[in-house]
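There are 2 protein chains.
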Amino acid sequence: MSAAQPHKVVSLAEFKAACQSCSLFQLCLPMGIADNELALLDKIIRRRRPLKRGEHLYQQGHSFQSLYAVRSGSIKTYATTEDGREQVTGFHLPGELLGLDAICTERHGCAAVALETCTVCELPYDQVDRLNEFLPGLQQQLVRMMSREILGGQALLALLGKRSAEERLAAYLLNLSGRFQRRGLSGTEFIMSMSRTDIGNYMGLAVETVSRMFTRFQEMGILSVRRKHVVVHQPERLRAIACQSGGCTVLGRAGAALPQTETKNG
Amino acid sequence: MSAAQPHKVVSLAEFKAACQSCSLFQLCLPMGIADNELALLDKIIRRRRPLKRGEHLYQQGHSFQSLYAVRSGSIKTYATTEDGREQVTGFHLPGELLGLDAICTERHGCAAVALETCTVCELPYDQVDRLNEFLPGLQQQLVRMMSREILGGQALLALLGKRSAEERLAAYLLNLSGRFQRRGLSGTEFIMSMSRTDIGNYMGLAVETVSRMFTRFQEMGILSVRRKHVVVHQPERLRAIACQSGGCTVLGRAGAALPQTETKNG
DNA sequence: CGATGCTTTGACGAACTTCAACGCGGGTGG
DNA sequence: CCACCCGCGTTGAAGTTCGTCAAAGCATCG
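Protein sequences appear in the order of chains A and B. For the first sequence, position 194 matches number 194 in this note's numbering, and the numbering has no gaps at all. Just add 1000 to wherever you are in the second sequence, counting from 1, and you've got this note's numbering.
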């Protein structure tokens, strides 16, 4: 079913428009790419047909071929352990990259599944190497993005290590909020496409605990939740809870709220 | 005090010997480096004077200049939160890289301190970019190592998310064991240079819990611990505990046991 | 030799998981 | 168009694990 689609040819204008709200944008344009080079990059980026909810982008154990960038929708990555239990390793929103963890083993350590209808761009990894001589900044930018991923992982680590359920959920919500906001969407009202079960799995909590915390936040007047629809009324209180007893790192995963961004890029 | 040392000139033979047990080895030699290129690399790698226990390699917030590789000893990285609490982000053994998380922000998000007397190699990062045209494989290898770091982070994440104290400590010990073994040292008898407090901090547990677990393992006959000296008598039981209710990912951090290495590299 | 910091041990309480049951909403088939 | 059904979410009660508090033992260093 998921046979690789022959890449569609798009116009230059269309391409620019498509990439400008995309994380791959940072992988190319800022390096001062000329139009002909842009066309070159255009050739290697494939647009795949949309994924429907529940469809997999790749399965655990599949050989690594490409990096992917989410263009719309959201994708969950998860690893299945030998005894059949799932560990959610991340949620990926538009403009974020998937597959970075597979480069070293050349095999996907986790599966990626669409939480809703999604569109993605595919960047065949062998082309990145080939393209490197024309666009030396490409790989350099890749290194930067991976560094950010590592940094984000450390923040998440701190969160899971020693934070209460309340703090974790507060941080989780702020993280989502920040990621939506950075994309130009509302940071105070959004759809959480992932289930409570997935959130609990990701945050190291029981489903029931997640549910109870959402209820508590709602009773406190901090937010309103109705199924997947979230409205944050008092983000500052959420922030106060998340930072309660530590740095306000607020996750930082997957292109998220830069863990420590005091350096005012001069 | 910590002024950058002018790099010492070493002989080619000495250099090769020095690098063979080092993670930077993978950054250069496998690419089929000629002797003159090796000399080039030699020029950019600085050996710093040894660090004494408690000395910092870099501080949190310092501007990022170089990657470091541990040659001997062990180094702890940790971030200090606004209210003065520490979060240990990793322990680095010989042959492992430090500083990968600082590339994106160009500033160290955590401090690195020697747990014992250490020697390190310094690889100025601006030289990596410069060198890239001569050694195109260098950056590529860097990407691979970062990918492994991300993968390891995911394994650790799973561990902190939903594992009991017993499972965490078992996994932690196996991880250390594996890393020593891969370096050619004993995987069954080694020195844990980090304090119980640091272990607890890293694993998201109270010091007392760490202590109790070590005592329990000892009572079970799995191992002997006397201060920092560890002898593992029954690694298989340790493994059984760590894998108890999930994949035997056993961490995977910092050049550690490949998270899922079932794929018999054919 | 005393001081200090790290480690260990015990008792207690809080937080979260587990177990169980119910409510709600969306999708499907009649 | 309605009714049923199934999965997801919520809520309550009981149980367990682990963190906190307190105190004592022990190595290292001045």
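In this text, a Cβ means the ideal position worked out from N, Cα and C, and glycines have one as well.
Short of 8 Å from the beta carbon of residue 132/A, and not among the five residues preceding or following it, lie these beta carbons of its own chain, in chain order: 138, 139. Setting aside the 5 residues that flank it on each side, residue 1197/B is surrounded in the same chain by 1207, each with a C-beta closer than 7 Å to its C-beta; the list follows chain order. The way I'd put it, the segment 115 to 133 of chain A does touch the segment 50 to 66 of chain A; three or more beta-carbon pairs between them come closer than 8 Å. Shortest Cα-Cα distance from residue 54/A to any of 98/A, 151/A, 76/A involves 76/A.
In this structure, residue 1238/B sits away from residue 1231/B, with a CB-CB distance that is not shorter than 8 Å.
Taking a beta-carbon distance threshold of 8 Å, residue 1100/B counts as an interface residue toward chain A. The Cβ atoms of residue 102/A and residue 95/A do not sit closer than 8 Å to each other. With respect to residue 1088/B, residue 1172/B sits apart: the two C-beta atoms are not nearer than 8 Å. By the rule that beta-carbons nearer than 8 Å mark a contact, residue 1162/B touches chain A. DSSP places residue 1171/B in the uninterrupted alpha helix (DSSP H) bounded by 1165 to 1182. Residue state for residue 104/A is assigned as coil, using DSSP reduced to three classes. Using a CB distance below 8 Å, the part of the segment 1112 to 1143 of chain B facing chain A consists of 1129, 1132, 1133, 1136, 1139, 1140, 1142, 1143, ordered along the chain. At a cut-off of 8 Å between C-beta atoms, residue 147/A counts as an interface residue with respect to chain B. Straight-line measurement puts the Cα of residue 223/A at about 14 Å from the Cα of residue 240/A. A distance below 8 Å between beta-carbons, with the five flanking residues on each side excluded, links residue 1079/B to the following residues of its chain, in chain order: 1060, 1086, 1087, 1089, 1109, 1110, 1111. Taking 8 Å as the threshold, the shortest C-beta distance from residue 1242/B to chain A does not fall below it. Residue environment for residue 186/A: exposed (fewer than 16 other C-beta atoms within 10 angstroms of its C-beta). The Cβ of residue 158/A sits closer than 8 Å to at least one Cβ of chain B. For the segment 74 to 159 of chain A, the continuous beta strand (DSSP E) assignments of 3+ residues that do not extend past its boundaries occur at 75 to 80, 86 to 92, 111 to 114, 119 to 124, in sequence order. Spanning the alpha carbons of residue 183/A and residue 190/A requires a straight line of approximately 12 Å. When rounded, the separation of the alpha-carbon atoms in residue 1219/B and residue 170/A is 40 Å.
Nearest C-alpha to residue 1070/B among 1093/B, 1057/B, 1083/B: 1093/B. Apart from the 5 residues on each side of it in sequence, residue 1098/B sits with its Cβ closer than 6 Å to the Cβ of 1068, 1092, 1112 in its chain, given in chain order.
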